[in-house]
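Asks:
Chains as they are written, first to last, in the numbering used here: chain A, 1 to 229; chain B, 1 to 301.
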């Protein structure tokens, strides 16, 4: 669950990235966030993952108040969130299995649990045959699916995807979005930041449009009052 | 979504060590560079330490030759003179005492002169019983001289204060110069080592960022790096020790063979334990401390 209440963010260089943003994403919801470059989308993601703090307002993620959370508790918050990036962010020197297993080892899973869970998640994303491959042996779509498997492996209650299809062709992009929709149907809250209009139109989900640090539209069933690039 | 429950493995040491070792090989070039820098630094430092040890040993030998002669009152009998030995030995800073009777002194005197006919009428009565007194610290020779003079029955004490002072000054200079050189080397090498580790960590900043993103605690991120630093430090210090020991052994052999410098080098075995411990401590400190410090900047968010 995500709740932003009248959130402002001013960076050290004086840039006003957010100017009173408020929205709620309930448990089990699926939403797109759209907006041009510099609109504040990335700032919102960084606030949600605890990389930066809001200048004013309240940010609550999975029950953690981001203003009050202690630094030592931050890893435990992050374990409740699966984050997917446009550039995949895989460890090049590790195999597909190890890239996914790595996230489980971080939370202290035993080898037995890793051996049971990782193949299951890789099967879920359709990579059961690429278990030993290194990231540079995979296509962009496959790499993104590894990233999704890694985000999923610890069974997070929230998935945040930052331009997850930015480096993929339209067919692979749709596959990834359908996969994320399937994950949502299994109960995980999903927030996807994108600027790809055809994909947003295709899925007919909630769309939060942001521009100039303000939410300018928040509509259901693919509605948005904003011209997506 | 399938709900999974995970039992936390409390003891992750095995995983940390495995990751640390694995990382040494996956970042082979950086590991090699780190080990080389540790070896180079320790070899330079070790060489200076051995140089200082040998110079101090030479000074020590010279100090041993710088004995004090304590002359005994001529009215004391041989037995009474000998009996003073116990009290002389108890004097502070005295390491060893040799009693020389007036007869032994006379023969020694005569032995130093080839023209024996000229000294044919020399009588033992002309000489005094005496003690050769060896000291621990030549710097305190003046105090020792004063203490010996205060013993009843000691008439005169001869000590070469000028030579003693020169030796003290020489030892102070050698020690001071060694400390300064070693400190400078330590500072330079720590700087280079710290930068090497920073470079190695910078190369892996993406990996660290991913670890943080998936919820790794700072300890989870730090420990494999610390084990890696520990292993690299250990390998570097042990290799440096082995190289230093074998090189010094060859050098000592050559010096002995050619009687170079008219002296023998201090055997490596005399200083091997302190050098081993020093190398191990520096290897450990630089490897572990450097890794921990270099990581700090990536663990703040």
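Glycine included, every Cβ here is placed at the ideal spot set by N, Cα and C.
Measuring only the C-alpha atoms, how far is residue 97 of chain A from residue 117 of chain A?
Replies: Going by the C-alpha atoms only, they are around 10 Å apart.
Asks: Going by the CB atoms, is the gap between residue 135 of chain A and residue 170 of chain A shorter than 9 Å?
Replies: Against a cut-off of 9 Å, the Cβ pair of residue 135 of chain A and residue 170 of chain A comes out as no contact.
Asks: Taking DSSP as the reference, what is the three-state secondary structure of residue 52 of chain A?
Replies: Residue 52 of chain A falls in the coil class under three-state DSSP.
Asks: Sorted by chain position, which residues of the same chain lie with C-beta nearer than 7 Å to residue 291 of chain B's C-beta, five sequence neighbours on each side aside?
Replies: Cβ neighbours of residue 291 of chain B beyond the five flanking positions: 197, 225, 226, 228, 229.
Asks: Considering residue 184 of chain A, what are the terminal residues of the alpha helix (DSSP H) in which it resides?
Replies: 170-185 is the span of the alpha helix (DSSP H), which, as asked, contains residue 184 of chain A.
Asks: Short check: CB of residue 216 of chain B to CB of residue 75 of chain A, under 9 Å?
Replies: In this structure, residue 75 of chain A lies closer than 9 Å to residue 216 of chain B by Cβ.
Asks: Measure from the alpha carbon of residue 264 of chain B to the alpha carbon of each residue in B/90, B/251, B/238, then state which is nearest.
Replies: Of B/90, B/251, B/238, the residue nearest in Cα terms is B/251.
Asks: According to DSSP, is residue 158 of chain B helix, strand or coil?
Replies: In the structure shown, residue 158 of chain B sits in a strand (DSSP, three-state: E or B).
Asks: May I ask you to list the residues that DSSP assigns as paired with residue 217 of chain A?
Replies: The partner list for residue 217 of chain A (beta bridge, DSSP) reads A/209.
Asks: Give me the chain B residues within the contact set of residue 73 of chain A, using Cβ-Cβ distance strictly less than 8 Å, ordered along the chain.
Replies: None at all; the shortest Cβ gap to chain B is about 10 Å.
Asks: Secondary structure at residue 107 of chain A, three-state DSSP: helix, strand or coil?
Replies: Of the three classes helix, strand and coil, the one that applies to residue 107 of chain A here is coil, per DSSP.
Asks: So if DSSP puts residue 31 of chain A in a beta bridge, which residue, or which two residues, is it bridged to?
Replies: Residue 31 of chain A pairs with A/191, A/206.
Asks: For residue 84 of chain B, does the three-state DSSP call read helix, strand or coil?
Replies: Residue state, collapsed to three classes: helix.
Asks: Given residue 175 of chain B, which residues of its chain have a CB within under 8 Å of its CB, disregarding the five upstream and five downstream residues?
Replies: Hits under 8 Å: 52, 56.
Asks: Provide the residue span of the alpha helix (DSSP H) that contains residue 88 of chain A, from first to last.
Replies: Unbroken run through residue 88 of chain A: none, as it is neither H nor E.
Asks: When the Cβ atoms of the segment 22-33 of chain A are set against those of the segment 202-220 of chain A, are three or more pairs found closer than 8 Å?
Replies: Touching, yes.
Asks: Out of curiosity, what's the CA-to-CA distance linking residue 276 of chain B and residue 25 of chain B?
Replies: So the two alpha carbons sit approximately 26 Å from each other.
Asks: Taking the beta carbon of residue 195 of chain A as the centre, do at least 16 other beta carbons fall within 10 Å, making it buried, or is it exposed?
Replies: That one is buried.
Asks: Between residue 122 of chain A and chain B, is any beta-carbon pair separated by less than 9 Å?
Replies: Taking Cβ atoms only, chain B never reaches closer than 9 Å to residue 122 of chain A, which makes this a no.
Asks: According to the neighbour-count rule (16 or more other Cβ atoms, all chains shown, within 10 Å of its Cβ), is residue 129 of chain B buried or exposed?
Replies: Residue 129 of chain B should be labelled buried.
Asks: Check the DSSP bridge columns for residue 161 of chain A and list the partner residues they point to.
Replies: A/84, A/192.
Asks: Please identify, using Cβ separations under 9 Å, the residues of the segment 53-77 of chain A that lie next to chain B, in order along the chain.
Replies: Residues 71, 72, 74, 75, 76, 77.
Asks: Pull up the DSSP beta-bridge partners for residue 71 of chain B, would you.
Replies: The partner list for residue 71 of chain B (beta bridge, DSSP) reads B/130, B/156.
Asks: So for residue 264 of chain B, helix, strand or coil by DSSP?
Replies: Looking at residue 264 of chain B - three-state DSSP - the assignment turns out to be coil, as it is neither helix nor strand.
Asks: Exposed or buried, what is residue 32 of chain B when buried is set at 16 or more other beta-carbons lying within 10 Å of its beta-carbon?
Replies: Result: exposed.
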